[in-house]
Amino acid sequence: AGVTYSYTDMAGVKTDVALLPIGGGHTMDPFAAAAVCKEMRPKIAIPMYYNTYDRIEQDPAEFISDLGGTKGIVLKPGEGIRI
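With my numbering as the guide, the letters of the sequence shown map in order to residues 4 to 86.
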């Protein structure tokens with residue numbers, strides 16, 4: 004997902020890895036993104052688009068703690084991951 008809110012058809016998106024915005028404001032917040040993640044049921048979820056300026060400050064732990072069976076991974080700025 005890019006800069007987006009949740010929408011009805013997101014439940015139909017099937018993916019192994021989901022990168023979901025959690026900043027709130029003009030994107031999903033941690034709770035909405037976690038709800039979308041539970042519908043999509045990816046193997047891995049990575050929060051993005053948060054804490055880059057005051058208006059979108061969020062604690063990614065709020066997202067990670069509510070993913071159901073999905074593994075949550077929080078990356079540091081500039082950090083990569085091999086999947």
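Quick reminder that beta carbons are idealized off the backbone N, C-alpha and C, glycines included.
Small disclaimer: the values here were computed from a predicted structure and weren't measured.
In the three-state DSSP reduction, residue 76 falls in the coil class, being neither helix nor strand. Rounded to whole angstroms, the separation of the alpha carbons of residue 84 and residue 38 is 24 Å. If you compare the alpha carbons of 29, 23 and 18 with that of residue 58, the shortest gap goes to 29. Where residue 20 is concerned, there is no enclosing alpha helix (DSSP H), although the beta strand (DSSP E) around it starts and stops at 20-24. Looking from the CA of residue 7, the closest CA among 80, 67, 51 and 71 belongs to 51.
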